[in-house]
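To start, the structure under review is shown below, and the notes come after it.
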Amino acid sequence: MTTPQEWEFAGTRGAVTARIWAAPEPRYVAVLVHGYGEHLGRYGHVADALVRHGATVCGPDHMGHGRSAGDRVLIEDYEDVVADVRTVARAAAGDHPGLPVVMIGHSMGGLVAARYAQLHGGDLAALVLSAPVLGRWHVVDALLPLEEMPGTPLDPSTLSRDASVGEAYAADPLVWHGPFKKPTVRALDAALRRINGYGSLGALPVLYLHGTADELVRPEDTRVGIEAVRGEGLTERHYPGARHEVFNETNRAEVLGDVTAFVDRVLP
Numbered sequence: 001m002t003t004p005q006e007w008e009f010a011g012t013r014g015a016v017t018a019r020i021w022a023a024p025e026p027r028y029v030a031v032l033v034h035g036y037g038e039h040l041g042r043y044g045h046v047a048d049a050l051v052r053h054g055a056t057v058c059g060p061d062h063m064g065h066g067r068s069a070g071d072r073v074l075i076e077d078y079e080d081v082v083a084d085v086r087t088v089a090r091a092a093a094g095d096h097p098g099l100p101v102v103m104i105g106h107s108m109g110g111l112v113a114a115r116y117a118q119l120h121g122g123d124l125a126a127l128v129l130s131a132p133v134l135g136r137w138h139v140v141d142a143l144l145p146l147e148e149m150p151g152t153p154l155d156p157s158t159l160s161r162d163a164s165v166g167e168a169y170a171a172d173p174l175v176w177h178g179p180f181k182k183p184t185v186r187a188l189d190a191a192l193r194r195i196n197g198y199g200s201l202g203a204l205p206v207l208y209l210h211g212t213a214d215e216l217v218r219p220e221d222t223r224v225g226i227e228a229v230r231g232e233g234l235t236e237r238h239y240p241g242a243r244h245e246v247f248n249e250t251n252r253a254e255v256l257g258d259v260t261a262f263v264d265r266v267l268p
C-alpha cells in the first residue's frame, strides 16, 4: 500500500493537516473529501486503488476532524471547509500542472465536493459523490429544533455489511464518537439550502454512488439534492443491500472499479 506524506497549512479556522499519496508518473490528480466525524486516514485503500490507476491522491482532514486543529466536529460555515479543500487541490494541481483534477466526496464530504463544483467547477475534470448529504438530511431535520444535542453516537453497524469496518470505526481514536455540535447542525442546514438553490452543475461529469440500504444518509433524501444540481453529465450507480460507506462495503472492489472506469471514460 502506498505510504502517504502529511503536510500542514494555515486553514481558514486554524491549522489543517493534509495527506498526499504520490504516484510515480500520475495522469490525473484525485482529491478525497471525507465525511462527518471521520478523517482521511480511513481512505488509505481508496487512495491505493487510485494510485495504481494513475492518480496522485490528496485531501485534508477538515477543521475539527482527525489531525487538524479546532474544536471537534465544530463547523460554523461550510464555505470555510470548501476553501480549505481548494487550498489542497490547488497545491496538488500546482505540483502537477496540466493534469486533470477529479474530486471524490463521501457523505458530508459529498456536500463539500458538490459546493466546490458549484463554485469552482472549472477546476475539475470530474466529480464523484458517494452517499452525499444533499437535498435534505433527516439527521439535521431531527436535531435542528433541539436546544441540546443528544449524546447518542453513530451506530457503526450502519456503515457496512462488513462487521470489521464498524469495529475499526468504533475503536479509532481520531473518529469523533460524541454528539453533534449545534452550530454544525445549523451550518449543515444552511449549506444544504445554499446548494439546493444554486442550480445545475451543467456539463461537469458526475458519478453518483449510493447503497440502497443506507440508513444514515437515505437515498430518497439525497435524490432531492441530486435533482437540484444534476446536469447533463450525471451517471448513477446504486448497490443493492449496500449500507452507507460503499468504499468499505463487501463489494468495495466493484465500487472502486466503477470509479476508475468512470474516470477512464471522462478524462481527455
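For the sequence shown, UniProt numbering begins at 1 and goes up steadily by one.
Virtual Cβ for every residue (Gly too), placed ideally from N, Cα, C.
- When His45, Ala83, Tyr36 are compared, the shortest CA-CA separation from Thr12 is found for Ala83.
- Annotation: the continuous beta strand (DSSP E) that includes Gly14 extends over 14–21.
- According to the DSSP assignment, Gly59 belongs to the beta strand (DSSP E) that extends over 55–60.
- Counting along the chain, the unbroken alpha helix (DSSP H) around Gly257 starts and ends at 252–266.
- Asn248 has its alpha-carbon roughly 15 Å from the corresponding atom of Glu215.
- When rounded, the separation of the alpha-carbon atoms in Val33 and Ala163 is 24 Å.
- Leu111 and Val133 have their alpha carbons spaced roughly 5 Å apart.
- Ala89 sits close to Asp123, with the two beta carbons spaced by under 8 Å.
- If you draw a straight line from the Cα of Ala125 to the Cα of Glu232, it comes to about 14 Å.
- Between the alpha carbons of Gly151 and Ala142 lies a gap of roughly 14 Å.
- In this structure, DSSP gives Ile75 a state outside helix and strand, which the three-state scheme calls coil.
- DSSP places Thr3 in no alpha helix (DSSP H); its state is neither H nor E.
- No Cβ-Cβ contact shorter than 8 Å links Gly105 with Leu204.
- For Gly211, the uninterrupted beta strand (DSSP E) segment begins and ends at 206–211.
- The residue from Glu227, Glu25, Leu40, Glu245 with its alpha-carbon nearest to that of Trp7 is Leu40.
- Setting aside the 5 residues that flank it on each side, Gln118 is surrounded in the same chain by Tyr198, each with a C-beta closer than 6 Å to its C-beta; the list follows chain order.
- Put simply, the backbone Cα of Thr184 is about 19 Å away from that of Ala131.
- For Val133, no alpha helix (DSSP H) segment is defined, and its DSSP state is neither H nor E.
- The residue among Leu234, Tyr78, Glu220 with its C-alpha nearest the C-alpha of Arg193 is Tyr78.
- Burial check for Asp221: the Cβ neighbour count within 10 Å reaches 16 or more, so the residue is buried.
- The beta-carbon separation of Asp48 and Thr2, rounded to 5 Å, stays under the 8 Å limit for a contact.
- Of the residues assessed, Ala114 falls on the buried side of the cut-off, its CB having 16 or more other CB atoms within 10 angstroms.
- Assignment of His106 by DSSP, reduced to helix, strand and coil, places it in the strand class.
- Ranked by how close their Cα comes to the Cα of Gly225, the residues Val29, Tyr208, Val263 have Tyr208 in first place.
- In terms of Cα proximity to Arg230, the closest of Met63, Leu201, Ser160 is Leu201.
- Closest in alpha carbon position to Ile20, among Gly37, Gly35, Leu50, Tyr36, is Leu50.
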